[in-house]
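For the sequence shown, numbering that gives the first Met the number 0 assigns the number 0 to the initial residue and increments by one for each residue that follows.
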Amino acid sequence: MEEIVRSLVMVLMRGSEYQMICKCPKCEADIMALTLNSVPSHYVTSSFGREAAYEQLNTKENLEWINKRIIRAIHVVSKYPKH
Ligand SMILES: [Zn+2]
């Protein structure tokens, strides 16, 4: 899950829709952490488990669901930045 969230955060933060938001490592880490606290973790212990979890999570509906949570985190962090 963390890997998926990280790649979606990178895509969203670099997209044209969020040009105005701060892209410093602090804000990016806060957006990551806020999002990860609102989604199930899906810990795995092997590369096979990683593949299986990825397969399960990598659906259009699920990625849209995660994107919504990232967008919410982007709004929170840009409203209350730690700097
Ligand atoms: Zn920042």
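Each residue gets a CB set at the ideal place from its N, CA and C atoms; glycine is no exception.
- The alpha helix (DSSP H) runs of length 4 or more contained entirely in the segment 5-68 are, from start to end of the chain, 24-35, 46-56.
- In terms of Cα proximity to A52, the closest of S40, R5, C23 is S40.
- A distance criterion of 8 angstroms places the beta-carbon of H82 in contact range of ligand 1, judged by its closest non-hydrogen atom.
- A check of alpha carbon separations from R71 across D29, T58, Y42, S45 identifies D29 as the nearest.
- Taking the Cα positions, E50 is about 13 angstroms away from T58.
- The DSSP-derived three-state label of H74 is helix.
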